[in-house]
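Visitor: 52 is the number of the first residue of the sequence shown in the numbering used here; add one for each residue after it.
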Amino acid sequence: IMHDETVNRTTNGKGKVSELTYEEIKKLRLKTPTNYVSDQSVPTFEEVLNLAKGQILVYVDKWQAHKEAVLELVHRLRMDRQILLAGSTNMESDAYRLVRQYPEVNYVPFLQCNGKNDEKRFSELRDKMQPVGFYIAFPSDTYPILKETKSYSEYGQRLWVDTLLGKCCNGGRNDQLALKDAEESYGW
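(1) Assuming histidine 33 and threonine 61 form a contact by the criterion Cβ under 8 Å, report the distance between their Cβ atoms to the nearest whole angstrom.
(2) Using only CA atoms, which one of Leu176, Cys220, Ser204 and Leu215 lies nearest to proline 190?
(3) Could you give the uninterrupted runs of the beta strand (DSSP E) lying entirely in the region 116 to 196, keeping only those of 3 residues or more?
(4) For the beta strand (DSSP E) that leucine 81 lies in, which residues bound it at each end?
(5) Would you mind giving the Cβ-Cβ distance between lysine 67 and valine 93, rounded to the nearest angstrom? I have them listed as a contact below 8 Å.
(6) Report the option in Thr85, Lys167, Asp226 and Leu216 whose CA atom is closest to the CA atom of threonine 193.
(7) Where DSSP assigns a beta bridge to tryptophan 211, which residues make up the other side?
(8) Provide the residue(s) that pair with lysine 198 in DSSP beta bridges, ordered along the chain.
(9) Per DSSP, what kind of secondary structure is lysine 67 in: helix, strand or coil?
(10) At the level of alpha carbons, what is the spacing between histidine 117 and isoleucine 52?
(11) Going along the chain, which residues of its own chain have a beta-carbon closer than 6 Å to the beta-carbon of valine 156, five neighbours each way excluded?
(12) For leucine 108, which residues in the same chain have their Cβ closer than 8 Å to its Cβ, ignoring the five residues on either side in sequence?
(13) So valine 99 is in the alpha helix (DSSP H); what residue range does that whole segment cover?
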C-alpha cells in the first residue's frame, strides 16, 4: 500500500513504485514523518484490511485507479461496510456505477463548497444518490451550509472533513491548529 508515486517520502528507499518489484518494496522499511526508519515493512492492502477487520472504519484514498481490485478484495474479505470511499458526484461515472454493485459499501460524494449554492447541491445529491454522507471541503468555516450539519444526521448521513489538509479544505480547522488549540480546531 503506497500513497505516493515514489517510495522516497515514506520509506528508506528511493524510486517509483511502478518501477520496483513486490519483493523490493517488501524489503523497504517505513519512515515516520520525522524520518525515523522503523522496523516495519510496507504492508499490502490486504494486510491492512485484515488488521482492520472488525475493528475500525477504513478510508481508502486513491482507490479509483484500481477500483475493480479494491472492491473485489473488500467484498471477498466481507468488509463492505467497513470501508469509506470518496468519489465523484457524477452518477454516470464508472467508479460510481461500480460501487453501486456493492450496496453495502460506504460511498461519499466529494463536494467542494463555495458558500453560494451548497445547500441546493447537497439536497439534490442526498435525494438522488442517497449516500451515507458527504466528504466536504470548504475554505471558510463561515459558509451557511456548515450551520446545517446537524440536519444531515436526520437523514442518517454524516459529513467527513479532512483535517490533514490546509485551509483550502477545512476552513483552517486542521491538525496543525489542533496542536496549538484542540478546542478551536475540533470544537467548533
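Beta carbons: idealized from backbone N, C-alpha and C, even for Gly.
Guide: Taking the coordinates as given:
(1) Here the chain covers residues 52 to 239 and nothing more, so residue 33 does not appear.
(2) For the purposes of this step, residue 190 is taken as residue 139 along the sequence shown, with counting starting at 1. Measuring from the Cα of proline 190, the nearest candidate turns out to be Cys220.
(3) At a cut-off of 3 residues, the continuous stretches assigned as beta strand (DSSP E) that sit fully inside the region 116 to 196 are 134 to 138, 157 to 163 and 184 to 188.
(4) Sequence index remark: in the sequence shown, residue 81 carries index 30 (1-based). Careful: leucine 81 lies outside any beta strand (DSSP E) and carries neither H nor E.
(5) As a working note, residue 67 is residue 16 in the sequence shown. As a working note, residue 93 is residue 42 in the sequence shown. So it is not a contact: roughly 14 Å between Cβ atoms.
(6) The residue given as residue 193 occupies position 142 in the sequence shown. Selected option, being the one with the closest Cα: Lys167.
(7) Translated into positions along the sequence shown, residue 211 becomes position 160. Paired residue(s): Tyr186.
(8) Translated into the one-based positions of the sequence shown, residue 198 becomes position 147. Answer by DSSP bridge pairing: none, since lysine 198 is not bridged.
(9) Against the sequence shown, residue 67 aligns to sequence position 16. DSSP places lysine 67 in strand when its eight states are reduced to three.
(10) Locating residue 117 in the sequence shown gives position 66, counting from the first residue. Locating residue 52 in the sequence shown gives position 1, counting from the first residue. Roughly 12 Å separates the two Cα atoms.
(11) Translated into the one-based positions of the sequence shown, residue 156 becomes position 105. Result list for valine 156: Asp131 and Val150, in chain order.
(12) Indexing the sequence shown from 1 puts residue 108 at position 57. These residues qualify, in order along the chain: Gln133, Ile134, Leu135 and Asn157.
(13) Indexing the sequence shown from 1 puts residue 99 at position 48. First-last of the alpha helix (DSSP H) with valine 99: 96 to 103.
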